[in-house]
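Student:
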Amino acid sequence: MATMLFKGFAARSLTTRLTSSCYYGMRYSSTVSNDPDSHDDFKPANKLENSGTSLSNIVEQDVKDNPIMVYMKGVPDFPQCGFSALAVRVLKQYDVPISTRNILEDPELKNAVKAFSHWPTFPQIFIKGEFIGGSDIILNMHQTGELKEKLKDDVSKQ
Amino acid sequence: MGVTKEQVESSLNSKLNPSHIEVLDTSGGCGASFVVEIVSEQFEGKRLLERHRMVNAALEEEMKEIHALSVKKAVTPEQWKKLQESNQSNPAA
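So the sequence lines, in the order shown, correspond to chains A and B.
All letters in the first sequence, in the order written, are residues 1 to 158 by full-length UniProt numbering.
All letters in the second sequence, in the order written, are residues 1 to 93 by full-length UniProt numbering.
(1) Is E130 of chain A helix, strand or coil when you go by DSSP?
(2) Assign G45 of chain B to one of two classes, buried (16 or more other C-beta atoms within 10 Å of its C-beta) or exposed (fewer than that).
(3) Hey, how far is the Cα of K150 of chain A from the Cα of I38 of chain B?
(4) How would you call Y28 of chain A, buried or exposed, if buried means at least 16 neighbouring beta carbons within 10 angstroms?
(5) Between which two residues does the alpha helix (DSSP H) containing S10 of chain B stretch?
(6) So within the stretch 15-41 of chain B, which uninterrupted beta strand (DSSP E) runs reach at least 3 residues, ignoring any that extend past its ends?
(7) Mind checking if H52 of chain B is an interface residue toward chain A, Cβ cutoff 9 Å exclusive?
(8) Could you name the residues of chain A that K72 of chain B contacts, counting a contact when the two beta carbons are closer than 8 Å?
(9) Along the chain, where does the beta strand (DSSP E) containing R101 of chain A start, and where does it finish?
(10) Return the first residue and the last residue of the beta strand (DSSP E) that V70 of chain A is part of.
(11) Show which residues of chain B have a CB atom less than 8 Å away from the CB atom of G133 of chain A.
(12) How would you list, in chain order, the residues of chain A whose beta-carbon sits under 9 Å from the beta-carbon of N56 of chain B?
(13) On the CB-based measure, 16 or more other CB atoms within 10 Å of its CB, does F6 of chain A come out buried or exposed?
(14) Determine, using beta carbons only, whether P76 of chain A and K92 of chain A come nearer to each other than 9 Å.
(15) Thinking just about the alpha-carbon of each residue, which of B:N17, B:K15, B:S27, B:N13 is nearest to the one in S70 of chain B?
(16) Measuring alpha carbon to alpha carbon, tell me which residue in A:K64, A:H142, A:A85 is nearest N102 of chain A.
(17) Look up Q79 of chain B in the DSSP assignment and say whether it is helix, strand or coil.
(18) State the start and end residues of the unbroken alpha helix (DSSP H) segment that holds P107 of chain A.
(19) In chain B, what lies closer than 8 Å to N140 of chain A by C-beta?
(20) Taking C-beta pairs closer than 7 Å, name the residues in chain A that L69 of chain B reaches, listed in chain order.
(21) Taking 6 Å as the limit between beta carbons, can you name the residues of its chain near K15 of chain B, skipping five residues before and five after?
(22) Less than 9 Å between the C-beta atoms of C81 of chain A and F122 of chain A, yes or no?
(23) Check the Cβ-Cβ distances between F83 of chain A and every residue of chain B, and say whether any is below 9 Å.
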């Protein structure tokens, strides 16, 4: 049950991290785009299109800036796919900041991530810039203790 | 219609030459979601990520229609044998 308590904490610190560390509008915290009633015309404009920064650069920057970067379906507190939920649940067992992007809200970002990692499905987890894999792999690494080692390493090097 | 369990099996069989394979259709019939357990010598010396990549590559065509693919196990025959043995000695696990 300590996990439950921790979950609340983690979610809060995560939001702070996300909004402060990401320079491209965090769709995650936007309530507008989640509103099923909002017409396409009124959704937040895609800042990426105007920024002149290519999407693959965004992904590259993401994984460089965030020790743990997860591209997922939904958001950590409301994953919209069982596999994404599993990945977040596993990572939340560790006392580490998790940064995420919701690929459901941005098909172009979704394709850019897939092209970047050459991996067909989501979630996709990057630790310290290294592509780790999807939910099966993160669960396996959690079970074997490999993830613990990797994250311990990660924290001490920060 | 989506992909069938048989299609997934046959692609994996032809590309990875597995000594054991189990494919479960978890989509409830629409053929968009599968769980795979596969034992192949080709996994020898490969990290888990590489093994999963091999499975993904073998199913490249099918992946266009599959929404969820869970590779529960991607192990070598040797690892598989050990797994079987530990399961037998500890049936509760």
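Heads up, the beta-carbon is just placed ideally off N, CA and C, and yes, glycines get one too.
Tutor: Walking through what the data contain:
(1) strand
(2) With fewer than 16 other Cβ atoms inside 10 Å of its own Cβ, G45 of chain B counts as exposed.
(3) 26 Å
(4) Model confidence at Y28 of chain A stands at a pLDDT of 47, short of 50, so the residue's coordinates are unreliable and nothing is read from them.
(5) 5-16
(6) 20-25, 33-39
(7) yes
(8) Near K72 of chain B (Cβ distances below 8 Å), the residues of chain A are D136.
(9) First-last of the beta strand (DSSP E) with R101 of chain A: 99-102.
(10) Segment 68-72, the beta strand (DSSP E) holding V70 of chain A.
(11) L48, L49, H52
(12) H118, W119, P120, T121
(13) Any answer about F6 of chain A is weak, because its pLDDT of 47 lies below 50 and its placement is not dependable; what the coordinates show is given next. Classification of F6 of chain A: exposed, given that the 10 Å Cβ count is below 16.
(14) yes
(15) B:S27
(16) A:A85
(17) In the structure shown, Q79 of chain B adopts helical secondary structure according to DSSP, grouped into three states.
(18) 107-117
(19) L48
(20) Annotation: Cβ neighbours of L69 of chain B in chain A (cutoff 7 Å, chain order): T121.
(21) A58
(22) Pairing C81 of chain A with F122 of chain A gives a Cβ-Cβ distance under 9 Å.
(23) yes
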